[in-house]
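Inspection log for the structure reproduced underneath, given as structure tokens.
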Amino acid sequence: MPIPELEKSIIKGVIQKDKVVIDGIELDGTWNSFMIERTQTGYDPSVWDEIANTLEGVTISACWQCGTCTSGCTMREYDPKYGPRRFIDLARKGDKQGLIELQNSIWRCVSCQKCTHRCPKGVLVEEVVHAIHNYLLRHGLVSTDPGTVFDELFFETVMNNGGRISELMLGAASVKKGMVKMGLKDLITMTGPLLRSGLFKELMKPSKVKNWEKIREVIEEAMKEEVRPE
Amino acid sequence: MSAQVPYGKVALYPGCALDGMAKQYEVSLALVAKDLGLTYERLDDYNCCGALEVKNVNTMAGLLLPARNLALARKIGADAIMSACPGCHYSLSRAQYYLSKYPKLREKVNAYLEKMGEIKYDLQLMTIHVNEFLYNSVGIEVIKSKVKRPLTGLKVAPYYGCLYTRPKPYTLTGYLRLKDDPERPVFMDKLLEALGAEVVPFEAKTMCCGGPHVYSDPDVSINLEARILKEARRNGAEILVVDCPLGGVAIESNMNKIAERYGEDLRMPVVYFTQLMAFAFGHSPEEAMLTANLTNPMSVLKRYL
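Residue numbers (the numbering used here), protein chains in the order written: chain A, 3 to 232; chain B, 1133 to 1437.
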């Protein structure tokens, strides 16, 4: 399949000799340049295959690289390197190195779903970006990022907290992990209205799914299963 | 009570938010629904919908959590499952999408649901949001007739959040008449106008608040939230009306930091739209739990008492 190469120079370098004489004619200027490495090697086509075989990543093949996702992207304004179209392009080519170079950007998706919503080809872009990121994590190509740490923290809290999340517990866990700083002023503004309205008492009540222990076992068993889009 | 046009029997999926810091949302929703003669059944044994986080950790867990809630709603014979939190609405709709699209996956999920002791999910639910429910079930004229405390002259900016209308493959906005416009939603605007409030032009209606990264990428989310408030302030709004507990709580709890970094004039009270409706329907601020909000909505609402 022909792959458009638009964002990365395929000319790795130029050899320019001081003096070249061929058949008695001296070459100089541009005639004296030799390009090296006209093609980029090291593509791994299995990246596309593997991502297209996951439930989230199956729509990656429908992308026609129009860039609608990237033009409206929330994160793009904050991080010029962030671009769903680029991630999809690199993943389909199997340019692992290119993706690894973007590891400080790729986790930053805020899941605002503008890309998925607007894609004219029905690519679930937000899901595909997470599928690409998950591929990198699964193969140990990138180090863990704050987003993934928080996702895992969230899931852990749900599992250990009787199937429900509690903002206080999640907030406390995040503060403990050093993800967010809470000053005394924040604490006062937070707890004041909660105490005044009696909401605080509600929040402290243990809230739990009845049969959670059993459900938890089933979920843990299900997590081992490989999910395919079929 | 007879089945409601157009949704039939409605199950309320509270989600963790309504049992947590957005308790006032549910309390005020109950008041409003009672006044309007609308009924729904609360799913008491619900579990977390997985939000935007669990799906990134594990695919199967990200589907089983919402699927169990869908099965619970079918167990009580509901035709529609209503969420107050757009995050839950998104998550349940997402599960619905994947389970309808992939039959083998559905079989697997159903097998696990049976192992948990739940019924199989038969895909017969419509996923709806409170906003759509209130707008479509009774009509604007009925809402107008219930107003005892018209909020004339109150300038409001309605903030819908990202996930109320997006993405269309899951929430079906733009495909169904009962659903809002995907890019420029208006249902909440109409509800607020019916209360007598003045809805200011507000382009940040569906702008992201950085919710999922409020802890992991705080600078970005604080800036995003400041942008929403700035847009509201620029258009002359006095109060930000939200239908999203994720955004509401994030904006409220970051308000000090926003004011510190981007200016004191961005400080603005945040209120759930059902609270405002309950207040306009004549309920006291205590009943509508307007005192529970971290920012103080009564500072602008007290002139209507």
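Cβ coordinates follow ideal geometry from the N, Cα and C atoms, glycine included. Computed from a predicted structure; not experimentally measured.
Item	Value
Out of Asp1167(B), Ser1385(B) and Ala1329(B), state which residue places its alpha-carbon closest to the alpha-carbon of Ser1269(B).	Asp1167(B)
Grab me the residues of Ile1260(B)'s own chain with a C-beta within less than 6 angstroms of its C-beta, minus the 5 sequence neighbours each way, in chain order.	Ala1212 and Met1214
Taking Cβ positions only, does His1345(B) come closer than 8 angstroms to chain A?	yes
Decide if Ile217(A) is buried, meaning its Cβ has at least 16 other Cβ atoms within 10 Å, or exposed.	buried
At a cut of 8 angstroms, does the region 1277 to 1294 of chain B reach the region 1334 to 1341 of chain B through at least three beta carbon pairs?	yes
Using a C-beta to C-beta distance shorter than 9 angstroms, which residues of chain B count as neighbours of Asp153(A)?	Leu1184, Glu1185, Val1186, Lys1187, Asn1188, Val1189, Pro1344 and Ser1348
Can you find at least 3 beta carbon pairs, one from the region 117 to 124 of chain A and one from the region 68 to 86 of chain A, that sit closer than 8 angstroms?	yes
When we look at the beta-carbon of Cys1180(B) and count the other beta-carbons within 10 Å, is it buried (16 or more) or exposed?	buried
Would you mind working out which of Ala1424(B), Phe1411(B), Glu1418(B) and Tyr1436(B) sits nearest Ile1275(B), comparing C-alpha positions?	Phe1411(B)
Measure the C-alpha to C-alpha separation of Tyr1230(B) and Gly1249(B) and round it to an integer number of angstroms.	22 angstroms
Quick check: the Cα distance between Met1421(B) and Pro1377(B), rounded to an integer number of angstroms?	15 angstroms
Counting along the chain, where does the beta strand (DSSP E) carrying Ala1143(B) start and finish?	Val1142 to Tyr1145
Assuming Lys123(A) and Val151(A) are in contact, meaning their beta carbons sit under 8 angstroms apart, how far apart are those beta carbons, in whole angstroms?	Between Val151(A) and Lys123(A) the Cβ distance is about 33 angstroms, and since that is not below 8 angstroms, they are no contact.
Tell me His1261(B)'s beta-bridge partners as DSSP assigns them.	Ser1215(B)
Determine, for Ala1424(B), whether the minimum Cβ-Cβ distance to residues of chain A falls below 8 angstroms.	yes
Quick one: grab the DSSP three-state call for Leu1372(B).	strand
With distances taken from CA atoms, which of Leu1295(B), Ala1216(B), Leu1266(B) and Asn1355(B) is nearest Ala1326(B)?	Leu1266(B)
Under a CB-based cut-off of 8 angstroms, is Arg198(A) close to chain B?	yes
Using DSSP bridges, identify the partner residues of Gln29(A).	Just to set this straight, residue 29(A) is Leu in the shown sequence, not Gln. In the DSSP output, where bridge partners are listed per residue, Leu29(A) has Val22(A).
Whose CA, out of Cys1217(B), Gly1395(B) and Lys1278(B), lies closest to the CA of Lys1155(B)?	Cys1217(B)
Taking Cβ-Cβ distances shorter than 7 angstroms, what residues in chain B pair up with Tyr137(A)?	Near Tyr137(A) there are no residues of chain B at all, since even the closest Cβ is about 12 angstroms away, more than 7 angstroms.
Just to confirm my understanding: we take Lys1287(B), look at its own chain, exclude 5 residues before and 5 after, and list those with CB closer than 6 angstroms. What are they?	Glu1330, Val1332, Gly1368, Ala1369 and Glu1370
Around the C-beta of Gln1228(B), are 16 or more other C-beta atoms found within 10 angstroms, so that it is buried, or is it exposed?	buried
Once DSSP output is grouped into helix, strand and coil, what is the label at Pro122(A)?	coil
Pick helix, strand or coil for Glu1173(B), following the three-state DSSP scheme.	strand
Using 8 angstroms as the limit for Cβ to Cβ distance, is Asp1254(B) near chain A?	no
Of all the residues that make up the region 1222 to 1236 of chain B, which are near chain A by a beta-carbon distance shorter than 7 angstroms?	Tyr1230, Tyr1234 and Lys1236
Using a Cβ-Cβ cut-off of 8 angstroms, state whether Cys1340(B) counts as contacting chain A.	yes
Do the region 147 to 167 of chain A and the region 1174 to 1193 of chain B touch if we need at least three Cβ pairs shorter than 8 angstroms?	yes
Is Ile1272(B) buried or exposed, if buried means 16 or more other CB atoms sit within 10 Å of its CB?	exposed
What does Arg78(A) touch in chain B if you count any residue whose Cβ is under 7 angstroms from its own?	None at all; the shortest Cβ gap to chain B is about 12 angstroms.
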